[in-house]
Amino acid sequence: ITRRLIEDGRDHLVLRSPLDLPFPVRFLQGTADEDVDKSVALRLLDHATGPDMRLTLVRGADHRFSDPDCLDLIGAALDEVSARADAG
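Quick note: the sequence shown uses this note's numbering, first residue 27, plus one each step.
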């Protein structure tokens with residue numbers, strides 16, 4: 027752990043200031059994530075503002091979110107926000 031890492035992290039604390047996301051956003055959170063609790067995802071969803079935001083909790087998914095089902099969810103979320111952005 028370096029000083030630069032700590033300072034960089036401090037500069038990216040998104041819950042400290044307004045977070046306007048004026049585009050489609052999909053948050054994907056695993057319920058078995060031991061690094062980021064689902065309460066943080068809920069706080070982020072409540073904190074951010076934007077016209078089209080959704081949070082999907084995935085039972086049993088961990089922080090890596092890398093099993094085939096999770097990767098499919100990521101792909102579907104990317105397809106959905108891309109389609110909405112293109113339509114808007």
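Virtual Cβ for every residue (Gly too), placed ideally from N, Cα, C. Bear in mind that the values here come from a model prediction, so they are computed numbers and not experimental data.
Contact belief for residue i with residue j at Cβ below 8 Å, rounded distance in angstroms
i: Leu104; j: His73; result: The Cβ separation is near 23 Å, so there is no contact.
i: Leu71; j: Phe53; result: 6 Å
Residues sharing a beta bridge with residue i, DSSP
i: Phe53; result: Leu81
i: Asp46; result: Thr75
Environment of residue i [buried if 16+ CB atoms lie within 10 Å]
i: Ala67; result: buried
i: Pro50; result: buried
Sequence-distant residues of its chain with Cβ nearer than 7 Å to residue i (five each side left out)
i: Ala109; result: none
i: Lys64; result: Gln55, Thr57 and Leu83
6 Å Cβ shell around residue i - same chain, five flanking residues per side excluded
i: Asp61; result: His89
i: Asp34; result: none
- Given 8 Å as the limit, is there contact between the region 56 to 63 and the region 72 to 89, that is, 3 or more CB pairs closer than that? yes
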